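A.B. asks: Once you've had a glance at the structure underneath, I'll fire off some questions.
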């Protein structure tokens, strides 16, 4: 499967614990995005990278959240001191900025579902 | 403020009936508009975007800048069209996507 890969698929944790998710984008995609989706809502943007540079962070991304893409390939999203309100589906997407013919087609992973007890 | 509004949470039709999923947006500038679809137990995937002006699986969507709308239409719904549909926009910098809350389409036989 050459699509966007996310691990783990499910994560159950206790409140106050730290969790880390991984996203492997489509090979050679230079952009990588993180979104969060809660029940009944569309995906909400968290942050994105172009290569290894983090270009934008949403106000949703509190200081308990940190994302990295150290070599411009895979990315990790860490949540420290998890809270019940962090329970959601965390989606990763990747894209490549093309020339004038098309841009920003984002391909999504299957997501990591986090449950904080 | 940048916003995408999908007023219907659920749209139920019978097979063969026309379908229109509504999407309105608010954006200061010229956004790029998309429709994403999520079939049961599958990941979110792009259905179509306004720049390409193409028909995918019989669906079309026209960007109406005057009404700031990007409604998704299909003349004859099929059972396999049953899914969750999300309208989304991005800015000229081709960065983040802003999604609506989604509309669940149910097509009955």
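Residue numbers (this note's numbering), protein chains in the order written: chain X, 263 to 379; chain E, 2 to 110. Beta carbons: idealized from backbone N, C-alpha and C, even for Gly. For clarity, every value in this text was computed on a predicted model and none was experimentally measured.
#1: With 9 Å as the C-beta to C-beta threshold (strictly closer), list the residues of the region 325-357 of chain X near chain E in chain order.
#2: For chain E, is any of its Cβ atoms less than 7 Å away from the one on residue 313 of chain X?
#3: Counting only the same chain and skipping the five closest in sequence on each side, list residues whose C-beta sits under 7 Å from that of residue 48 of chain E.
#4: Under 7 Å Cβ to Cβ from residue 345 of chain X, same chain only, skipping five residues before and after it: list those, please.
#5: From the beta carbon of residue 268 of chain X, is the nearest beta carbon of chain E less than 7 Å away?
#6: Once you ignore the five residues that flank residue 107 of chain E on each side, which residues in its own chain have a CB closer than 6 Å to its CB?
#7: What are the complete beta strand (DSSP E) segments, minimum 3 residues, inside the region 6-82 of chain E?
#8: Would you tell me roughly how many angstroms separate the C-alpha atoms of residue 2 of chain E and residue 288 of chain X, rounded to the nearest one?
#9: Specify, as a first and last residue, the run of the beta strand (DSSP E) that residue 272 of chain X falls within.
#10: Can you tell me the Cα-Cα spacing of residue 324 of chain X and residue 336 of chain X, whole angstroms?
#11: On the three-state DSSP scale, how would you describe residue 325 of chain X?
#12: Using only CA atoms, which one of E:16, E:73, E:46 and E:19 lies nearest to residue 25 of chain E?
#13: Could you tell me whether any Cβ in chain X is nearer than 7 Å to the Cβ of residue 92 of chain E?
#14: Identify which residue in E:9, E:22, E:20 and E:30 has its Cα closest to the Cα of residue 90 of chain E.
#15: In the DSSP assignment, what residue or residues form a beta bridge with residue 294 of chain X?
#16: Whose C-beta lies closer than 7 Å to the C-beta of residue 5 of chain E among residues of the same chain, with five residues either side of it excluded?
#17: Looking at the unbroken beta strand (DSSP E) that takes in residue 105 of chain E, where does it start and where does it end?
#18: Would you mind working out which of E:46, E:64 and E:45 sits nearest residue 54 of chain E, comparing C-alpha positions?
#19: For a contact defined as C-beta to C-beta under 9 Å, what are the partners of residue 44 of chain E on chain X?
#20: Please list, in chain order, all residues of the same chain as residue 15 of chain E whose beta carbon is under 6 Å from its beta carbon, the five residues on each side excluded.
#21: So with CB distances below 9 Å, who are the chain E contacts of residue 307 of chain X?
C.D. replies: Reading it off the structure:
#1: 353, 355 and 357
#2: Start at 1 with the first residue of the first chain, and residue 313 of chain X comes out as number 51. Answer no: the Cβ-Cβ gap between residue 313 of chain X and chain E never drops below 7 Å.
#3: The residue given as residue 48 of chain E occupies position 47 in the second chain. Correct list, in chain order: 36, 37, 38, 57 and 60.
#4: Counting from one through the first chain, the residue named residue 345 of chain X turns up at place 83. For residue 345 of chain X, where only same-chain residues beyond five positions count, the Cβ hits under 7 Å are 277 and 378.
#5: Stepping through the first chain from its first residue, residue 268 of chain X is reached at position 6. With 7 Å as the cut-off, residue 268 of chain X does not count as an interface residue toward chain E.
#6: Here residue 107 of chain E corresponds to residue number 106 of the second chain, with the count starting at 1. Cβ neighbours of residue 107 of chain E beyond the five flanking positions: 13 and 83.
#7: 11-15, 20-22, 25-27, 33-39, 46-50 and 73-75
#8: The residue you call residue 2 of chain E lines up with position 1 of the second chain. The residue you call residue 288 of chain X lines up with position 26 of the first chain. Residue 2 of chain E and residue 288 of chain X: Cα-Cα distance of roughly 32 Å.
#9: Reading the first chain from its first residue, position 10 is the one you call residue 272 of chain X. That run of the beta strand (DSSP E) goes 272-275.
#10: Here residue 324 of chain X refers to the residue found at position 62 of the first chain. Here residue 336 of chain X refers to the residue found at position 74 of the first chain. Going by the C-alpha atoms only, they are around 22 Å apart.
#11: Looking up residue 325 of chain X in the first chain gives position 63. It is coil, neither helix nor strand.
#12: Here residue 25 of chain E is taken as the residue at index 24 of the second chain, counted from 1. Out of E:16, E:73, E:46 and E:19, E:73 has the C-alpha closest to the C-alpha of residue 25 of chain E.
#13: Start at 1 with the first residue of the second chain, and residue 92 of chain E comes out as number 91. Answer no: the Cβ-Cβ gap between residue 92 of chain E and chain X never drops below 7 Å.
#14: The residue you call residue 90 of chain E lines up with position 89 of the second chain. Checking every option, the nearest Cα to that of residue 90 of chain E belongs to E:30.
#15: Within the first chain, the letter at position 32 stands for residue 294 of chain X. DSSP, once it has assigned bridges, lists X:311 and X:356 as partnering residue 294 of chain X.
#16: Residue mapping note: residue 5 of chain E aligns to position 4 of the second chain, counting from 1. 24, 26, 88, 89, 90, 99, 100 and 101, listed in sequence order.
#17: For the purposes of this step, residue 105 of chain E is identified with residue 104 of the second chain, where counting begins at 1. Segment 104-109, the beta strand (DSSP E) holding residue 105 of chain E.
#18: Taking the first residue of the second chain as 1, we reach residue 54 of chain E at position 53. Among E:46, E:64 and E:45, the Cα nearest to that of residue 54 of chain E belongs to E:64.
#19: For this step, residue 44 of chain E is matched to residue 43 along the second chain. Those within 9 Å of residue 44 of chain E in chain X are 265, 266, 353, 369, 370, 371, 372 and 373.
#20: Indexing the second chain from 1 puts residue 15 of chain E at position 14. Closer than 6 Å at the Cβ level, and outside the excluded window around residue 15 of chain E, lie 109.
#21: For the purposes of this step, residue 307 of chain X is taken as the residue at position 45 of the first chain. Neighbours of residue 307 of chain X on chain E, chain order: 96, 97, 98, 99 and 100.
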